[in-house]
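Trainee: Below is the structure I would like to discuss, written out as structure tokens.
Residue numbers (this note's numbering), protein chains in the order written: chain R, 1 to 308; chain L, 1 to 308; chain X, 1 to 308.
Right, dumping it as structure tokens:
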């Protein structure tokens with residue numbers, strides 16, 4: 001037993017020593033980063049506001065709906081302000097300032113950013129309603145709007161993306177990405193918060209979907225499981241501060257009414273799928289289509305059948 | 001601070017206003033839907049009954065096994081009855097009835113449906129045993145039946161599907177789909193509760209697997225990660241009540257002993273993979289095969305190699 | 001109500017009866033297996049040691065870092081020793097020994113194995129640092145090392161794999177696989193603990209990635225979502241004890257600086273991707289490449305475009 005204690009102390013010394021040597025992968029005595037747990041709490045609260053009564057166990061009556069909503073919004077404001085403070089402190093960690101100016105400035109800006117975001121909620125709900133309609137209209141297995149909300153992972157991923165996108169637009173660091181990665185964990189759908197996605201968006205099944213940072217997606221587009229909207233090649237440079245230099249649009253553009261079936265891969269920042277394009281499953285597209293094109297995988301040259 | 005409170009109240013009014021305008025995506029003062037949390041609890045309890053001693057932390061001895069099981073089954077009956085009541089109330093939400101008849105009828109039917117389901121458990125366990133055997137027989141990395149149960153995500157997904165399928169067969173709304181979507185979240189395997197799947201079913205790795213609502217799968221079939229059993233085209237109409245009109249079989253049929261390797265896509269309700277068909281990875285199949293066919297991706301026409 | 005109780009008792013008898021008949025899928029009065037919950041706790045503690053301050057909510061100061069670390073390491077030692085005891089008891093479950101020898105031997109060995117593993121932590125952290133650098137260098141969307149750790153699922157999956165691999169190397173049963181399957185659930189990335197993976201490893205997005213048990217991966221390799229390193233065919237035999245006979249290397253080898261884009265499938269134990277090979281998205285490779293080869297999907301023979 002004494003031996004074990006000695007061994008554990010020795011190991012502790014070695015591990016703490018490794019924090020000194022390999023600094024950079026640990027985060028000590030700096031500002032605390034926004035944590036995965038706090039961001040999860042933000043998303044849970046947000047979903048209760050987006051779709052009240054769907055995820056909570058208790059019935060909500062019309063009379064206490066206002067109280068319920070005020071409580072949720074107040075809680076969300078506290079959580080979000082707090083995490084924005086952390087993320088901005090992290091962003092300014094290399095800045096030196098003897099006065100308390102930065103602390104104060106960050107606290108003020110964080111409170112403002114949180115309120116700015118909360119003000120966007122009615123607008124986000126308006127777009128989410130169009131998404132729910134698109135799901136209902138696109139899948140015969142959906143028996144009601146309610147079923148879509150309570151059981152389709154695509155709706156969860158899109159709701160989290162639409163919220164994270166607003167924070168991303170206001171240049172809040174870290175939090176938007178942690179939000180969409182939480183949705184990625186739950187749904188297998190990986191939408192970068194920087195992507196621009198129009199109304200009536202439908203993702204079915206969704207596992208393996210990747211939508212890159214500079215993708216642009218029009219209205220009424222439909223995407224199935226395993227579809228990648230990616231970069232054709234990945235080359236970039238960073239300046240001395242680690243900032244990426246000249247990283248232009250590297251992911252594709254989908255105009256309105258584009259449908260992409262499962263497993264298809266669309267690559268490149270200059271690739272445009274024009275209005276109404278339909279891409280068949282497993283297809284591979286790296287150049288612009290014309291409006292109404294159907295691109296399908298041609299099995300006649302690609303597969304062999306061996307008879308028994 | 002006063003400003004913040006005013007801002008939060010204003011936001012609350014706007015959000016509550018948006019519930020009025022964009023009604024349909026929120027669920028207030030209606031019947032409460034079955035919630036994701038309650039369904040998760042049902043699945044956890046069910047797994048303790050299917051595989052006692054595997055997921056609970058304490059050892060179970062033969063003497064208290066009966067008490068343990070009775071407790072779990074009683075708990076499951078309460079949980080399930082309660083959620084079925086919610087789902088049936090939701091289904092009948094448009095029906096008007098001044099008397100309490102509907103409430104009573106639903107309560108009675110829900111209790112019966114729950115008992116009906118519980119009676120199926122021994123039969124489901126019998127089939128699950130064949131699935132565990134199929135995993136052990138198909139993967140050299142599996143060192144024991146116990147390892148299969150405790151660490152293979154495919155077994156979890158299949159167990160949840162087999163339970164949800166029984167509820168689906170009895171036309172219980174919403175719950176079966178929420179169950180399989182929970183398994184989808186945990187495993188990346190998306191099996192619609194409506195699919196029909198025979199004994200000795202094996203899914204390896206599983207991420208990205210999609211098995212559509214009207215798929216039929218025979219005995220001793222094996223499916224790998226990223227395989228889609230999907231619809232060839234998705235066209236359907238709804239009647240005035242939103243009910244889907246004439247939506248026939250739109251997903252494929254697999255006869256016995258069919259193997260489909262990773263990333264392959266099989267589409268269409270009339271597509272039949274006859275007995276013993278083997279589909280190679282990344283293949284794309286939209287027509288019926290003959291018994292014993294091997295369909296493989298032919299790289300000679302599909303890939304270019306550029307030398308350095 | 002009495003009827004319900006009778007029904008539940010009857011069901012309990014049937015279910016308990018099914019434990020007798022279909023024994024083998026349940027685990028009663030044997031040794032308790034390592035549970036998913038305990039392994040999850042081990043991983044959470046480990047991540048707090050690998051990346052202190054990233055996942056915990058409180059700031060850690062330099063002064064209490066040593067106490068924090070000692071506490072975590074002591075807790076990890078207790079958890080791990082306990083689960084190793086379970087896994088070794090399970091492994092020796094068929095052995096008969098009237099004395100207490102086996103119990104004692106297992107307890108002693110488990111304590112030693114736990115300390116052996118803990119001693120590896122500084123070394124694992126050293127390699128993980130190279131992985132974090134590879135992520136930062138490979139993705140223009142990564143703004144800092146910290147962002148990589150807190151939001152990239154690939155880093156989580158690789159960290160869990162590198163820890164599980166050490167236990168696998170020491171032939172600890174069950175636990176390594178449960179560990180990597182937990183990461184699989186969270187990230188969609190399925191790395192078998194038996195795989196050998198060099199420094200500076202990068203996995204982007206990651207959903208659907210499968211890296212088989214006997215894969216060998218060099219340094220500075222990059223893998224994208226949906227990539228499979230798999231077996232070409234799966235044939236094996238077991239001896240009377242269920243042990244697999246002669247199951248040689250069945251998954252591919254990647255030399256240094258290999259990049260494989262999304263959805264590509266590389267199969268076979270004799271397939272070697274030589275240094276600097278680049279495999280394009282959706283490609284299908286079952287034979288050895290030469291150094292510097294680029295293998296790309298050729299759409300000219302594989303796709304048809306139908307004009308409107």
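Ideal placement from N, C-alpha and C gives every residue a C-beta, glycine not left out.
Using the Cα positions of residue 150 of chain X and residue 94 of chain R, report the straight-line distance between them to the nearest angstrom.
Mentor: Taking the first residue of the third chain as position 1, residue 150 of chain X is located at position 150. Taking the first residue of the first chain as position 1, residue 94 of chain R is located at position 94. Approximately 19 Å between the Cα atoms of the pair.
Trainee: The segment 164-181 of chain X: which residues have C-beta closer than 8 Å to a C-beta of chain L, in chain order?
Mentor: Taking 8 Å as the Cβ-Cβ cut-off against chain L, the residues of the segment 164-181 of chain X that qualify are 173, 174, 177, 178 and 181.
Trainee: Is DSSP giving residue 294 of chain L helix, strand or coil here?
Mentor: In the second chain, the residue the question calls residue 294 of chain L occupies position 294. Residue 294 of chain L: strand per DSSP, three-state reduction.
Trainee: List the DSSP bridge partners of residue 230 of chain R.
Mentor: Taking the first chain and counting its residues from 1, one reaches residue 230 of chain R at position 230. Paired residue(s): R/267.
Trainee: Between residue 76 of chain L and residue 118 of chain L, is the Cβ-Cβ spacing less than 8 Å?
Mentor: For this step, residue 76 of chain L is matched to residue 76 along the second chain. For this step, residue 118 of chain L is matched to residue 118 along the second chain. Yes; because the gap between Cβ atoms is below 8 Å, this pair is in contact.
Trainee: Indicate the three-state DSSP secondary structure (helix, strand or coil) for residue 82 of chain L in the structure shown.
Mentor: Start at 1 with the first residue of the second chain, and residue 82 of chain L comes out as number 82. Residue 82 of chain L: helix per DSSP, three-state reduction.
Trainee: Can you name the start and end residues of the alpha helix (DSSP H) that residue 258 of chain L belongs to?
Mentor: Locating residue 258 of chain L in the second chain gives position 258, where the first residue counts as 1. Looking at the DSSP string, residue 258 of chain L is not in any alpha helix (DSSP H), and its letter there is neither H nor E.
Trainee: Kindly list, in the order they appear in chain X, the residues whose Cβ is closer than 7 Å to that of residue 195 of chain R.
Mentor: The sequence position of residue 195 of chain R within the first chain is 195, counting from 1. Chain X residues near residue 195 of chain R: none, gap ~11 Å exceeds 7 Å.
Trainee: I'd like to check one pair, residue 127 of chain X with residue 177 of chain X: are the Cβ atoms closer than 8 Å?
Mentor: Counting from one through the third chain, the residue named residue 177 of chain X turns up at place 177. Counting from one through the third chain, the residue named residue 127 of chain X turns up at place 127. No, Cβ-Cβ distance for residue 177 of chain X and residue 127 of chain X is not below 8 Å.
Trainee: Among X/175, X/7 and X/145, which residue has its Cα nearest to the Cα of residue 132 of chain X?
Mentor: Position 132 of the third chain holds residue 132 of chain X. It is X/145.
Trainee: With a threshold of 8 Å between beta-carbons, can residue 46 of chain X be considered close to chain R, or not?
Mentor: The residue labelled residue 46 of chain X in the question sits at position 46 within the third chain. Chain R, which has no Cβ nearer than 8 Å to the Cβ of residue 46 of chain X, makes this no.
Trainee: How would you label residue 272 of chain R, buried or exposed, when you count the other beta carbons within 10 angstroms and need 16 or more for buried?
Mentor: The residue you call residue 272 of chain R lines up with position 272 of the first chain. Result: buried.
Trainee: Under the three-state reduction of DSSP, which class applies to residue 223 of chain L: helix, strand or coil?
Mentor: In the second chain, counting from the first residue as 1, residue 223 of chain L sits at position 223. Three-state result, residue 223 of chain L: strand.
Trainee: Taking the Cβ atom as the reference point for each residue, do residue 193 of chain R and residue 87 of chain R lie within a distance shorter than 8 Å?
Mentor: Position 193 of the first chain, counted from the first residue, corresponds to residue 193 of chain R. Position 87 of the first chain, counted from the first residue, corresponds to residue 87 of chain R. Not closer than 8 Å, so no.
Trainee: How would you label residue 215 of chain X, buried or exposed, when you count the other beta carbons within 10 angstroms and need 16 or more for buried?
Mentor: In the third chain, residue 215 of chain X corresponds to position 215, counting from 1. By the neighbour-count rule (16 or more Cβ atoms within 10 Å), residue 215 of chain X is buried.
Trainee: Over what stretch of residues does the beta strand (DSSP E) that includes residue 303 of chain L continue unbroken?
Mentor: As a first step, residue 303 of chain L must be located in the second chain, where it is residue number 303. 303-306 is the span of the beta strand (DSSP E), which, as asked, contains residue 303 of chain L.
Trainee: Taking buried to mean at least 16 other C-beta atoms within 10 Å of its own C-beta, is residue 21 of chain L buried or exposed?
Mentor: Along the second chain, one-based indexing puts residue 21 of chain L at 21. Classification of residue 21 of chain L: exposed, given that the 10 Å Cβ count is below 16.
Trainee: Would you call the CB atoms of residue 84 of chain R and residue 114 of chain R closer than 8 Å?
Mentor: Working through the first chain from its first residue, we reach residue 84 of chain R at position 84. Working through the first chain from its first residue, we reach residue 114 of chain R at position 114. Yes, these two residues count as a Cβ contact at 8 Å.
Trainee: Using a Cβ-Cβ distance cut-off of 8 Å, determine whether residue 264 of chain L contacts chain X.
Mentor: For this step, residue 264 of chain L is matched to residue 264 along the second chain. Answer no: the Cβ-Cβ gap between residue 264 of chain L and chain X never drops below 8 Å.
Trainee: Could you confirm whether any beta carbon from chain X is found closer than 8 Å to the beta carbon of residue 91 of chain L?
Mentor: Within the second chain, residue 91 of chain L is the residue found at index 91, counting from 1. Taking Cβ atoms only, chain X never reaches closer than 8 Å to residue 91 of chain L, which makes this a no.
Trainee: What is the DSSP secondary structure of residue 236 of chain X, counted as helix, strand or coil?
Mentor: Translated into the one-based positions of the third chain, residue 236 of chain X becomes position 236. DSSP places residue 236 of chain X in coil when its eight states are reduced to three.
Trainee: Please state if the CB of residue 265 of chain R and the CB of residue 281 of chain X are separated by a distance shorter than 8 Å.
Mentor: Locating residue 281 of chain X in the third chain gives position 281, where the first residue counts as 1. Locating residue 265 of chain R in the first chain gives position 265, where the first residue counts as 1. The answer is yes: Cβ separation under 8 Å.
Trainee: Between residue 292 of chain R and residue 262 of chain R, which are expected to be in contact by the criterion C-beta below 8 Å, what is the C-beta distance as a whole number of angstroms?
Mentor: Numbered from its first residue, the first chain carries residue 292 of chain R at position 292. Numbered from its first residue, the first chain carries residue 262 of chain R at position 262. Their Cβ separation, rounded to whole angstroms, is 21 Å, which puts residue 292 of chain R and residue 262 of chain R out of contact at 8 Å.
Trainee: Who are the neighbours of residue 253 of chain X on chain L, taking C-beta pairs under 7 Å?
Mentor: For the purposes of this step, residue 253 of chain X is identified with residue 253 of the third chain, where counting begins at 1. Chain L residues near residue 253 of chain X: none, gap ~18 Å exceeds 7 Å.
Trainee: Sorted by chain position, which residues of the same chain lie with C-beta nearer than 6 Å to residue 199 of chain R's C-beta, five sequence neighbours on each side aside?
Mentor: Working through the first chain from its first residue, we reach residue 199 of chain R at position 199. Cβ within range, chain order: 127, 130 and 219.
Trainee: So what's residue 101 of chain R in DSSP terms, helix, strand or just coil?
Mentor: Counted from its first residue, the first chain places residue 101 of chain R at position 101. Helix at residue 101 of chain R.
Trainee: Given a limit of 8 Å on CB to CB distance, which residues of the segment 184-213 of chain X reach chain R?
Mentor: Cβ contacts with chain R come from 186, 187, 188, 205, 207 and 208.
Trainee: Closer than 8 Å by beta-carbon distance: list the chain X residues that pair up with residue 77 of chain L, in chain order.
Mentor: Residue numbering aside, residue 77 of chain L sits at position 77 when the second chain is read from its first letter. Correct list: 4 and 8.
Trainee: So if I threshold CB-CB distances at 8 Å, which residues from the segment 140-157 of chain R count as touching chain X?
Mentor: If the cut-off is 8 Å between Cβ atoms, the segment 140-157 of chain R has nothing near chain X.
Trainee: Is DSSP giving residue 248 of chain R helix, strand or coil here?
Mentor: Position 248 of the first chain, counting from 1, holds the residue named residue 248 of chain R. Note: residue 248 of chain R maps to coil in three-state DSSP.
Trainee: Which chain R residues are close to residue 298 of chain L, counting only those with a beta carbon under 9 Å from its beta carbon?
Mentor: Counted from its first residue, the second chain places residue 298 of chain L at position 298. Correct list: 301, 302, 303 and 304.
Trainee: Is residue 279 of chain L helix, strand or coil by DSSP?
Mentor: The residue labelled residue 279 of chain L in the question sits at position 279 within the second chain. Reduced to three states, the DSSP call for residue 279 of chain L is strand.
Trainee: Give the DSSP-derived three-state secondary structure of residue 39 of chain L in the structure shown.
Mentor: Taking the first residue of the second chain as 1, we reach residue 39 of chain L at position 39. Helix.
Trainee: Quick check: what's the CA-CA separation for residue 152 of chain X versus residue 81 of chain X?
Mentor: The residue given as residue 152 of chain X occupies position 152 in the third chain. The residue given as residue 81 of chain X occupies position 81 in the third chain. Each residue's Cα considered, the two are about 30 Å apart.
Trainee: Starting from residue 329 of chain L, follow the alpha helix (DSSP H) in both directions and report where the run begins and ends.
Mentor: Absent from the model: residue 329 of chain L. The displayed extent of chain L is 1 to 308, so no value can be given.
Trainee: Please go through the same chain and pick out, in chain order, the residues whose beta-carbon is closer than 7 Å to the beta-carbon of residue 155 of chain X, but skip the five residues on each side of it.
Mentor: Locating residue 155 of chain X in the third chain gives position 155, where the first residue counts as 1. Hits under 7 Å: 131, 132, 135, 148 and 149.
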